[in-house]
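Peer 1:
In my numbering, the protein residues as written are 32 to 337.
1. Taking the straight line between their C-alpha atoms, what separation do you get for residue 64 and residue 135?
2. Quick check on the burial criterion: 16 or more other C-beta atoms within 10 angstroms. Buried or exposed for residue 132?
3. Going by DSSP in three states, residue 97 sits in which element: helix, strand or coil?
4. Measure the beta-carbon distance from residue 118 to residue 163 and round it to whole angstroms, keeping in mind my assumption that it falls under 8 Å.
5. Fully enclosed by the segment 138 to 169, which beta strand (DSSP E) runs are 3 residues long or longer?
6. Compare the Cα-Cα distances from residue 130 to each of 56, 225, 95 and report the closest residue.
7. Where does residue 177 sit, in a helix, a strand or coil, going by DSSP?
8. Tell me which residue opens and which closes the beta strand (DSSP E) that residue 191 is part of.
9. Between which two residues does the alpha helix (DSSP H) carrying residue 90 extend?
10. What is the rounded straight-line gap between the Cα of residue 51 and the Cα of residue 44?
11. Of the choices 57, 40, 88, 69, whose alpha-carbon is the least far from that of residue 32?
12. Considering just the uninterrupted stretch of the alpha helix (DSSP H) at residue 116, what are its terminal residues?
13. Could you check what DSSP says for residue 107 in three-state terms: helix, strand or coil?
14. Taking 9 Å as the CB-CB limit, is residue 147 close to chain C?
15. So residue 56 and residue 68 are in contact, right, with Cβ under 8 Å, and what is the actual spacing, rounded?
16. Excluding the five sequence neighbours on either side, which residues of its own chain have a C-beta within less than 7 Å of the C-beta of residue 53, listed in chain order?
17. What does the alpha-carbon distance come out to for the pair residue 40 and residue 82?
18. Within 10 Å of its beta-carbon, does residue 114 have 16 or more other beta-carbons around it, so buried, or fewer, so exposed?
19. Name, in chain order, the residues that DSSP records as bridge partners for residue 195.
20. Could you give the distance in angstroms between the alpha-carbon of residue 91 and the alpha-carbon of residue 35?
21. Kindly indicate which three-state DSSP category residue 291 falls into: helix, strand or coil?
22. When the Cα atoms are used, what is the spatial distance from residue 48 to residue 112?
23. What residue from 66, 110, 197, 207 has the CA that sits closest to residue 138's CA?
24. Determine which residues share a DSSP beta bridge with residue 39 and list them.
25. In angstroms with no decimal places, state the Cα-to-Cα distance between residue 155 and residue 108.
26. Check whether the segment 180 to 196 and the segment 212 to 227 touch, using three or more Cβ-Cβ pairs below 8 Å as the test.
27. So residue 104 and residue 187 are in contact, right, with Cβ under 8 Å, and what is the actual spacing, rounded?
28. Decide if residue 75 is buried, meaning its Cβ has at least 16 other Cβ atoms within 10 Å, or exposed.
29. Name the two residues that bound the continuous beta strand (DSSP E) containing residue 207.
30. Grab the span of the beta strand (DSSP E) containing residue 132 for me, first residue to last.
31. Return the residue from the list 101, 61, 106 that minimises the CA-CA distance to residue 185.
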C-alpha cells in the first residue's frame, strides 16, 4: 500500500481531474490509484495525505474519530484575548457551534514558503498569525471561525494531520511515509477507534447510540429508556419536549411530551371537536337561513324587493 504526504500548493484542487482545466493533484503526484484523505480548500495550502488504504482513509476521514489537524492562519488585525477565548470555547457559525479548539497567537510568522500569489495587505491594518488545532471538518471551518470573531483569514496553511507534519516539504513536493510512520499512524487510529466506541449513525441524524442500537421508538416519540428521540420529540439535541424537528412547542398544542394536535393527511385536526380548530367557526350545514346570509322571513322564503 502507498502512503504519501503532499504539500498542496495554493489554488490547486484536492482531486485528480477538473473539467475547467485548473491544477489538480495529478499535476504533482504521478502515482495511480491513490486518493486524498479528506479535502483542503482550493485557496488553502499545506499538508494532504494520499493513500490506497481504504480502511485507514475511512478512519482518518470519519468525524467521530476526531483526528486533529493543525493550521497556521494569517488574519487581518491582531486578535484580542477575548476573541481567542471565543475560538477556544466554540464559535456560533449560524449552522451550529464549532467544537472547542486549541488556539494560540503566534509571536511571529512561521518560517514557511512564499505563496504563489502574494497576500493583499491593507497598509492601515496589521496582520498576525494564529495556530488553530481542530478535529472537526466543517466546510471552510477555520475561515468561518476567524471571521465570526472579527478577524478575517488572509492565508491558511495546514501544518499537520495527527502527528504528521509538513516539515521541510515545499509546495508541490511529496514523500512517502516510512514504515515506522505508517505503523505509528495505524496504532494511533486503532486507539482512536477504541476511544470512539462501537457507535453507529442513525438514519435521520448524525448521532450515535451506545452499543450501536437505537432505542425502540413509540408513536409518541418516546424510546424504551423513557427519553425522547431526535426526530420524535425533545430531549435529544436540546429540543424542547413536545417539539419535533426544531419546530416550536407551541405548534404542538400544549407542548406536553407525547401529545400533539398535528393535522392528519385528510387535513382535519386530530382529536379536535367541531368549531375548535383554531380558526373561526364555519357555517352550519343544516337549516335554511344559516349559510352566512342575513336570516330571511319565517319559512325560509326570500325577502321581496322594495
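The C-beta atom is built at its ideal place from N, Cα and C for all residues, glycine as well.
Peer 2: Reading it off the structure:
1. Within the chain shown, numbered from 1, the residue matching residue 64 stands at position 33. Within the chain shown, numbered from 1, the residue matching residue 135 stands at position 104. Roughly 38 Å between the two C-alpha positions.
2. What you label residue 132 is simply residue 101 of the chain shown in a count that begins at 1. The residue is buried, with at least 16 neighbouring Cβ atoms inside 10 Å.
3. Here residue 97 refers to the residue found at position 66 when the chain shown is read from its first residue. Here residue 97 sits in coil by DSSP.
4. Within the chain shown, residue 118 is the residue found at index 87, counting from 1. Within the chain shown, residue 163 is the residue found at index 132, counting from 1. At roughly 7 Å, the Cβ-Cβ gap stays under 8 Å, so residue 118 and residue 163 are in contact.
5. 158 to 165
6. By 1-based counting over the chain shown, the position of residue 130 is 99. For residue 130, the nearest C-alpha among the options comes from 95.
7. Along the chain shown, one-based indexing puts residue 177 at 146. Three-state DSSP puts residue 177 in a helix.
8. Here residue 191 corresponds to residue number 160 of the chain shown, with the count starting at 1. For residue 191, the enclosing beta strand (DSSP E) has its first and last residue at 184 to 192.
9. Position 59 of the chain shown holds residue 90. Segment 85 to 92, the alpha helix (DSSP H) holding residue 90.
10. Stepping through the chain shown from its first residue, residue 51 is reached at position 20. Stepping through the chain shown from its first residue, residue 44 is reached at position 13. Whole-angstrom Cα-Cα distance: 11 Å.
11. Locating residue 32 in the chain shown gives position 1, where the first residue counts as 1. Residue 88 holds the alpha-carbon nearest to the alpha-carbon of residue 32 among 57, 40, 88, 69.
12. As a first step, residue 116 is located in the chain shown; it is residue number 85 there, counting from the start. Annotation for residue 116: the continuous alpha helix (DSSP H) segment containing it runs 112 to 120.
13. Along the chain shown, read from residue 1 onward, the residue named residue 107 stands at position 76. Of the three classes helix, strand and coil, the one that applies to residue 107 here is strand, per DSSP.
14. Here there is only one protein chain, and chain C is not present.
15. Numbered from its first residue, the chain shown carries residue 56 at position 25. Numbered from its first residue, the chain shown carries residue 68 at position 37. Going by Cβ atoms, the distance from residue 56 to residue 68 rounds to 12 Å, so no, they are not a contact pair.
16. As a first step, residue 53 is located in the chain shown; it is residue number 22 there, counting from the start. Cβ neighbours of residue 53 beyond the five flanking positions: 44.
17. The residue you call residue 40 lines up with position 9 of the chain shown. The residue you call residue 82 lines up with position 51 of the chain shown. Cα-Cα distance, rounded: 19 Å.
18. Walking along the chain shown from the start, residue 114 turns up at place 83. It counts as buried.
19. Within the chain shown, residue 195 is the residue found at index 164, counting from 1. DSSP, once it has assigned bridges, lists 192 as partnering residue 195.
20. Walking along the chain shown from the start, residue 91 turns up at place 60. Walking along the chain shown from the start, residue 35 turns up at place 4. Near 14 Å, if we compare the C-alpha coordinates of residue 35 and residue 91.
21. Here residue 291 is taken as the residue at index 260 of the chain shown, counted from 1. Below a pLDDT of 50, predicted positions are generally treated as unreliable, and residue 291, at 37, falls in that range; no measurement from the model is reported.
22. For the purposes of this step, residue 48 is taken as the residue at position 17 of the chain shown. For the purposes of this step, residue 112 is taken as the residue at position 81 of the chain shown. If I take the Cα positions, the gap works out to 43 Å.
23. For this step, residue 138 is matched to residue 107 along the chain shown. The shortest Cα separation from residue 138 among 66, 110, 197, 207 belongs to 110.
24. For this step, residue 39 is matched to residue 8 along the chain shown. DSSP output for residue 39 lists 77 as bridge partner(s).
25. Taking the first residue of the chain shown as 1, we reach residue 155 at position 124. Taking the first residue of the chain shown as 1, we reach residue 108 at position 77. Roughly 10 Å between the two C-alpha positions.
26. yes
27. In the chain shown, residue 104 corresponds to position 73, counting from 1. In the chain shown, residue 187 corresponds to position 156, counting from 1. The pair is a contact, with the Cβ atoms about 6 Å apart (cut-off 8 Å).
28. Taking the chain shown and counting its residues from 1, one reaches residue 75 at position 44. Counting the other CB atoms within 10 Å of its CB gives residue 75 a total of 16 or more, which places it among the buried residues.
29. Along the chain shown, one-based indexing puts residue 207 at 176. First-last of the beta strand (DSSP E) with residue 207: 205 to 207.
30. Position 101 of the chain shown holds residue 132. It is not in any beta strand (DSSP E) - residue 132 carries neither H nor E in the DSSP assignment.
31. The residue you call residue 185 lines up with position 154 of the chain shown. Comparing alpha-carbon positions, the option among 101, 61, 106 lying closest to residue 185 turns out to be 106.
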